[in-house]
Every structure is written in C-alpha cells, then in structure tokens.
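A.B. asks: Residue numbers (the working numbering): 5 to 207. C-beta: ideal position from N, C-alpha, C; glycine also. Let me begin by handing over the structure; questions about it come next.
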Amino acid sequence: MRILFICTGNMCRSPLAERLTSAWAEHMLGAEATAVHVRSVGTDAVEGREMDRRSARALAELGGSAAGFTSRTLGPGETEDADLVLTMTRRHRHNVLKEAPRALRRTFTLPEAAALLRLVDTTGLEGLPLDGRALGLASLLDGARRVRPASAQDDVFDPIGRPYRVHQDVAAHISESLVPLADVLFRLPRTAPRQTHAPLARA
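See the structure below:
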C-alpha cells in the first residue's frame, strides 16, 4: 500500500498527515504495517528542512513524531507510483494532475476523500490484501465524485508562519479527516483481534 500526501513546502500539513498515518498503521496493524508505505512531499519544497516546530508539537499531541523528518519535493512519477494521493488543497490537486493526468482516479484532497467516504459502501475492503486496499478505496471514492461537487471545504488551511493555535486547529482538521480513512485502510479482518487508533486520535 503506497500513500502519498502533498502540500506546498512539506513542512507542516503533509508531514503531519504522513507521520500520523504511519503511527496509526503501526498501532492498528502491528508487524503487518511494514506493507504500508507512507510518504509526503511538497510541490514547492526546499529539500532537507525539518518539520515546522509548531506543527511538530501539534503532531506530538496527537501521538505522532517528527523525529528524523526532512522535507522533500515532489519528483517525477511519484504520483503515478502511489495507490492513493491525498493533497491538502484543490490547487495542489490541480497542479499534480496537470503534470500526471493518469493519476486522476487516485488523487483527492484529504477532506474531499473523507467526505466522499461517507457516500460509498466499503463492505469487503477489509478482506482485501493490504496492497490492494488503497487502490480499491480510491476507485470507490472516484465513483462518488459525480454526486458531490468540489468546494472550498475540501481545502486544508496552510498554517505556516501562524501562531501555534492555528497549527493545532489545522492538525485537528487533518486528524479528523484521516480517522475514517485509516479505519478503512488499516482495519484488520474480523477474524483477527482488532486494534484501534482512538487513543492516538484523542491524545
């Protein structure tokens, strides 16, 4: 399973989403989390920078860690290699698809994906192997786009340069959007003991 998060500078929003998703995958899947590959990049990132300290603090409050993170810029072919591409704004999505139109059916803004999830029936996804779930989910979400127009609600605000409280609010928005997606992507089969990310989500 290959999940790619995209924002502008890869210092606040997309690394927070990346590290939260990775933490939840490990918590919910245990050893099976090695099959989940989560990455984040920026459309205009400067390579090698640490995560913004305020977003890193907000991430830690939610149970994730910014340790070892350095910013990366979006490279050729990365969106086409991913099973699910989640951008932070409609503008990011537009820019991504302008360069990689074949990624259309797998590319959504993060809040858009969470909203579309409420419109689809995910029965059966948990029975798929982990390496097929993100593609399966993307297909379902893409099919629901025809009944839900995009709007400004599909964007995650950029907190760069803003006070810590803004970073907290943005982190909460990202977390709330990720929770239902993680439940679908990382849910264990009913025959196995199920873990939950809830303690991390509320931390």
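1. Have a look at residue 168 and residue 141 and give me their C-alpha separation to the nearest angstrom.
2. Quick one: what's residue 9 bridged to in DSSP?
3. Sorted by chain position, which residues of the same chain lie with C-beta nearer than 7 Å to residue 39's C-beta, five sequence neighbours on each side aside?
4. For residue 127, count the other beta carbons within 10 Å of its own beta carbon; 16 or more makes it buried, fewer makes it exposed. Which is it?
5. Please classify residue 125 as buried or exposed, where buried requires at least 16 neighbouring CB atoms within 10 angstroms.
6. So does the region 48-55 actually touch the region 159-174, counting three or more Cβ pairs closer than 8 Å?
7. Could you check where the alpha helix (DSSP H) with residue 190 kicks off and where it finishes?
8. Going along the chain, which residues of its own chain have a beta-carbon closer than 7 Å to the beta-carbon of residue 152, five neighbours each way excluded?
9. Our contact map puts residue 114 next to residue 21 with C-beta atoms below 8 Å; I'd like the distance itself, whole angstroms only.
C.D. replies: According to the structure data:
1. 34 Å
2. 44, 90
3. 5, 134, 135
4. exposed
5. exposed
6. no
7. 168-190
8. 119, 120, 123
9. 7 Å
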